[in-house]
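Start counting the sequence shown at 1; every next residue gets the next number (the working numbering).
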Amino acid sequence: MNDCYNCSDQSLIEKAESEKIDLVWQRYEKMKPLCGFGEQGICCRICMKGPCRINPFSKKRSVGICGASADTIVARNLVRMIASGTAAHSLHGKEVAKTLMHVARGETAIYSVKDAIKLRSIAQKLNIETDGNDLIPLAGVVAASSLMDYSRMDDEEICNWLKYTIPDARLEKLKKLGITTSNIDGSISDIMARTHVGTDADAVNILLAGLRCALADYSGMQVATNLSDVLFGTPQPVVSQASLGVLRKDAVNIAIHGHNPLLSEIIVDVAYKMQAEAVAAGATYGINIVGVCCTGNEVLLRHGIPLATNYLSQELAIITGALDAMIVDVQCIMPSLAKVSACYHTELITTMPDAKIAGVTHIELGSGDSLKKAELIIRKAIDAYKNRDDDRLSIPAEKNKVIAGFSAEAIIDLLGSINSEDPLSPLIENIVNGKIRGIVLFAGCNNVKVKQDHNFVTMAQKLLKHNILILATGCGAGAFAKNALMNSEATEAYAGDTLKEVLTFLGFEAGLNAPLPPVLHMGSCVDNVRSVDLAVAIANRLGVDLNQLPLVASAPELMSEKSISIGSWVVTLGIPLHVGLAPPVTGSSLVTNVLTSELKNIVDGYFMVEEDPEEAADKIISIIEEKRLGLNLDSSLDSANNIEVLS
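If you want it as structure tokens, here you go:
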């Protein structure tokens with residue numbers, strides 16, 4: 001059985017087994033053998049004549065009842081996954097943009113503009129006039145410009161958040177291919193319409209539409225990340241802890257889980273004000289908020305709140321017996337939490353109208369009385385604490401130091417303390433001179449088919465040894481945080497000599513009195529655009545496109561439809577992407593070949609499937625060295641771009 005890389009997690013899995021509580025790993029074993037047709041993407045349930053299954057071993061060319069080939073079926077299934085992932089991210093972005101509009105109209109007292117500098121920076125990026133505009137009216141204009149990306153009627157226009165955030169050369173390539181998007185919601189609708197029975201049957205045409213929809217996902221993620229910074233503050237480096245050891249015996253432990261910072265920010269604010277009630281109930285420490293999944297990443301970056309765990313081991317937070325309440329919003333919430341929490345005293349509380357779980361408490365946040373409802377939620381946690389069974393407590397001792405909060409702005413600010421006139425130069429100089437061989441962007445969830453966190457950690461350790469800097473988001477960032485790869489000590493332990501030299505130099509020059517971590521935590525899964533923003537800044541500084549940079553992305557344990565939509569826009573922007581599990585496309589040799597080979601000739605990026613993490617790291621290293629050779633790094637790029645290499 002594929003369990004956890006982390007020993008503390010493994011001990012809790014064994015505890016659950018002794019208590020006869022099924023977890024995700026047991027449910028996976030019971031599901032075997034998995035449906036081979038589904039794994040290869042060659043089953044079709046789009047109409048009710050079937051479902052149809054294509055035999056991959058037949059010598060004759062099989063088709064579905066309507067005549068759809070395996071190529072058509074696989075392509076349709078894949079782009080529907082892209083559309084679903086896009087819908088999840090873009091709805092997140094739309095809600096944030098609407099909230100900013102409410103702030104501008106004076107319709108909410110809960111939220112406000114916390115980062116005026118970021119707001120004005122966004123306005124400039126979106127080509128919005130800032131001179132003479134007061135802050136609150138400007139917030140309304142930025143919100144309107146962002147919301148226009150969801151509903152624009154002119155197909156000839158391009159989403160603002162796509163047009164103004166990628167290199168000009170990349171934008172021109174996408175325009176020539178006809179895959180730029182003008183309307184996020186329309187792109188999702190297009191996929192659902194063209195994959196209806198009897199519509200688009202050309203697999204390549206379907207895939208190109210999928211890339212267009214993926215770019216809509218990118219645009220929605222830009223909205224979500226950037227406008228969240230305006231409302232809640234742009235992350236700056238913060239020191240905290242990670243792993244399930246952050247739970248406390250002497251506290252009311254509340255986990256916030258999901259993806260929506262609009263709700264978690266309210267819970268955090270209210271919890272701070274209710275500490276005395278928790279102490280009065282016997283919890284001498286008061287209230288201890290911890291994070292799970294991407295909501296956990298959001299509050300880690302902005303408040304330094306400890307990260308308990310990531311997606312796959314969310315049930316284990318309850319198995320500790322120390323969790324008094326888990327408050328969930330949307331996305332990546334296992335319905336199994338209801339059954340597991342019923343085995344303990346833990347209150348499971350849903351908070352969103354579109355994310356309910358039968359049989360658990362539902363207290364909807366988001367209306368005018370959100371603060372009162374948040375107080376009710378916290379009091380339920382305090383009441384649950386009184387019913388805790390200390391004999392069932394099993395809090396792991398392990399917890400690791402984490403330095404998080406590396407937004408693109410934070411990285412540039414940090415580098416600016418070394419060279420204020422050209423902040424990116426310290427990073428670029430060390431890429432040029434080879435002390436940093438390249439950069440890898442790690443993202444993606446955990447998958448029960450893989451030992452949790454194993455691929456992330458194994459690959460990272462090898463890449464760091466080869467002097468490759470790592471950026472991470474989402475549950476990938478959670479894996480690194482839990483396993484002690486996001487602190488200065490990790491730089492000493494794992495970084496190659498020249499990478500260690502650079503991170504030590506940068507850390508001390510920036511006044512941190514310690515090396516920078518070798519893996520930089522950039523946020524939740526929706527914050528993948530932070531990595532792209534940094535890469536675009538480097539590409540623009542060097543006068544090249546993204547595909548030319550020594551830059552690779554990796555999703556070693558991908559699981560959700562959001563992973564598919566993210567991965568699709570990553571390759572469309574020209575960045576090679578490693579995936580540690582094959583998506584459900586192997587039933588079509590045409591689709592598989594397009595994604596892993598032909599796509600490179602179209603958009604420069606491509607998918608590379610490699611399950612073995614050691615082999616995957618080797619292949620990424622080879623790609624980075626090939627990119628360096630293509631840019632003539634290590635020899636002439638420093639003089640060609642007037643970069644003075646650090647000695």
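Beta carbons are placed, not taken as given, at the ideal position from N, Cα and C, and that holds for glycine.
- In the pairwise beta carbon analysis, the stretch 456 to 463 is classified as touching the stretch 610 to 618: at least three pairs are separated by under 8 Å.
- Residue 220 places its beta carbon 8 Å or farther from that of residue 121.
- Taking all protein chains in view, the Cβ of residue 299 is crowded by 16 or more other Cβ atoms within 10 Å, so the residue is classified as buried.
- Your pair residue 158 and residue 141 does not check out as a contact, with CB atoms roughly 19 Å apart and the cut at 8 Å.
- For residue 442, the uninterrupted beta strand (DSSP E) run begins and ends at 438 to 442, by DSSP.
- Within the same chain, 426, 509 come within 6 Å of residue 418 by CB-CB distance, once the 5 residues on both sides are set aside.
- Taking the C-beta atoms as reference points, residue 329 is found nearer than 8 Å to residue 355.
- Residue pairing for residue 240: DSSP places it in a beta bridge opposite 402.
- Relative to the Cα of residue 441, the nearest Cα in the group 521, 543, 179 belongs to 521.
- By alpha-carbon distance to residue 561, the top candidate from 66, 67, 84 is 84.
- Between residue 100 and residue 234, the alpha-carbon positions lie close to 15 Å from each other.
- Restricting attention to 229, 256, 438, the CA atom closest to the CA of residue 350 is found in 256.
- Rounded to the nearest whole angstrom, the CA to CA distance from residue 477 to residue 53 is 38 Å.
- Our two residues, residue 108 and residue 144, have alpha carbons roughly 17 Å apart in a direct line.
- Rounded to the nearest whole angstrom, the CA to CA distance from residue 284 to residue 110 is 29 Å.
- In this model, residue 537 and residue 190 are separated by some 32 Å (Cα to Cα).
- When C-beta atoms of the stretch 421 to 435 are compared with those of the stretch 392 to 401, fewer than three pairs fall below 8 Å, so the two segments do not count as touching.
- Looking from the CA of residue 573, the closest CA among 559, 591, 557, 599 belongs to 599.
- Counting the other CB atoms within 10 Å of its CB gives residue 105 a total below 16, which places it among the exposed residues.
- One Cα belongs to residue 500, the other to residue 546, and the distance between them is close to 26 Å.
- The beta carbon of residue 462 lies closer than 7 Å to those of 614, 617 in the same chain, with the five residues before and after it left out.
- Cβ neighbours of residue 341 within its own chain (closer than 6 Å, five residues either side excluded): 318, 348.
- Every beta strand (DSSP E) stretch that sits fully inside the stretch 306 to 338 and reaches 3 residues is listed by chain position as 307 to 309, 323 to 328.
- Looking only at 155, 198, 167, 199, the smallest Cα-Cα distance to residue 212 is reached by 155.
- Of the other Cβ atoms in all chains shown, fewer than 16 fall within 10 Å of the Cβ of residue 420; this residue is therefore exposed.
- When the alpha-carbon of residue 331 is set against those of 287, 474, 388, 373, the nearest one is in 474.
- Here residue 43 is buried: its Cβ has 16 or more other Cβ atoms, across all protein chains shown, within 10 Å.
- A distance below 6 Å between beta-carbons, with the five flanking residues on each side excluded, links residue 37 to the following residues of its chain, in chain order: 43, 53.
- Taking every protein chain shown into account, the CB of residue 196 has fewer than 16 other CB atoms within 10 angstroms, so this residue is exposed.
- Judged by their CB atoms, residue 436 and residue 471 are not nearer to each other than the 8 Å cut-off.
- The straight-line gap separating the alpha-carbon atoms of residue 163 and residue 169 is approximately 11 Å.
- Fully contained in the stretch 119 to 168 are the following alpha helix (DSSP H) runs of length 4 or more, in chain order: 135 to 151, 160 to 163.
- Along the length of the stretch 446 to 486, whole beta strand (DSSP E) runs at least 3 residues long occupy 468 to 473, reported in chain order.
- For residue 222, same chain residues with a beta-carbon under 7 Å away, outside a window of 5 residues either side, are 161, 165, 529 in chain order.
- Fewer than three beta-carbon pairs drawn from the stretch 268 to 285 and the stretch 200 to 217 are found closer than 8 Å, and the two stretches are therefore not classed as touching.
- Taking C-alpha positions only, residue 374 is separated from residue 594 by approximately 49 Å.
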